[in-house]
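Residue numbers (our numbering), protein chains in the order written: chain H, 131 to 249; chain W, 131 to 249. Positions of the beta carbon are idealized from the N, C-alpha and C atoms, including for glycine.
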DNA sequence: TTTAATAGTTTCCTAAAGGAAATTAGTATC
DNA sequence: GATACTAATTTCCTTTAGGAAACTATTAAA
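Set out below in structure tokens:
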């Protein structure tokens, strides 16, 4: 039996696996990337606008996810003193850097659907 | 009070939200993208190699995720009749199309870590 | 014969995610 | 005064994700 000699992982490789972990911890789940994608296309949006666009999301879930995204500096939350009050959400500059990633997610998803249907 | 008149979502927009859903359903979770990223760099790998590389994954989780990825045609599983038997996993052509997406995930994760540390 | 490696499976458990429905509180329209 | 819209919060519940530990079965080395 051959003894399996594996080289230890390179520093770069370990960093890359950590980067994947970091990104996925922020964005995993059913709704977060849909929220970010919606804000990326729609610009500034109100709570109810988001809720209607993200067909099917429960208000609690939307509220929770928005809070998490705000904590991670990806969106800002602004209360307007209209009557009744409205609350506006928009992407931070840092949040906008997700653009390329979201485009890739969309492109891959569209292509994957084609792949699956093809067979 | 102003009646809120929102245009219905464009067909394209609905398709894009669906594409995000599709992609995230396949790849959400703690380990799947790490598995795909590892196979993308490492080429063909055996079960125990993957387990060692993905530091901390439970064998049940690895086994389950590999099965799901195989069902979705992203990887292939090949049993070799070596003694003891070994099982090799590698990416399908379709699986390899995740390359760009994974690169974006890594890039964004690296940049995000810099952003957070900066402050 | 004991130990260890191969690739898992099984069982049991906890934690996290997510949904449904009701509620809150201020304002505005009918 | 009743109803509805704003943006949530609260409570309750179910489902899914994920981890720890033990176990299986084959083979090979010490």
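Per-residue contacts from residue i into chain W (C-beta, under 9 Å)
i                     : result
residue 188 (chain H) : What residue 188 (chain H) touches in chain W: nothing, since even the nearest Cβ is about 16 Å away.
residue 167 (chain H) : 146, 147 and 150
6 Å CB neighbourhood of residue i in its chain, flanking five on each side removed
i                     : result
residue 131 (chain H) : Per-residue confidence for residue 131 (chain H) stands at a pLDDT of 40, beneath the threshold of 50, marking its modelled position as unreliable; no derived number is given.
residue 157 (chain H) : 163
Beta-carbon neighbours of residue i, restricted to chain W and to distances below 8 Å
i                     : result
residue 225 (chain H) : What residue 225 (chain H) touches in chain W: nothing, since even the nearest Cβ is about 11 Å away.
residue 218 (chain H) : Within chain W, no residue comes near residue 218 (chain H); the closest Cβ sits about 14 Å away, beyond 8 Å.
Chain H residues whose Cβ lies nearer than 7 Å to that of residue i
i                     : result
residue 158 (chain W) : 158 and 159
residue 241 (chain W) : 227
residue 236 (chain W) : 146, 149 and 150
residue 183 (chain W) : 139
residue 194 (chain W) : Simply none; closest approach about 17 Å.
residue 231 (chain W) : 234, 235 and 238
Residues that DSSP places opposite residue i in a beta bridge
i                     : result
residue 221 (chain H) : H:205
residue 210 (chain W) : W:216
residue 176 (chain W) : W:218
Proximal residues of chain W, C-beta to C-beta of residue i below 7 Å
i                     : result
residue 163 (chain H) : 150 and 154
Same chain only: Cβ atoms within 7 Å of residue i, ignoring 5 sequence neighbours per side
i                     : result
residue 133 (chain H) : Per-residue confidence for residue 133 (chain H) stands at a pLDDT of 38, beneath the threshold of 50, marking its modelled position as unreliable; the derived number appears in the next sentence. Hits under 7 Å: none found.
residue 229 (chain H) : 170
residue 167 (chain H) : 232
Cutoff 8 Å; reference residue i; Cβ partners in own chain excluding five residues on either side
i                     : result
residue 226 (chain H) : 170
residue 207 (chain H) : 196, 200, 217, 218 and 219
**Message:** Taking beta-carbon pairs under 7 Å, can you tell me which members of the segment 197-208 of chain H lie near chain W?
**Reply:** From the segment 197-208 of chain H, no residue has a Cβ closer than 7 Å to chain W.
**Message:** Counting beta carbon pairs with one atom in the segment 166-175 of chain H and one in the segment 173-187 of chain W, are three or more of them shorter than 8 Å?
**Reply:** Not touching, per the Cβ criterion.
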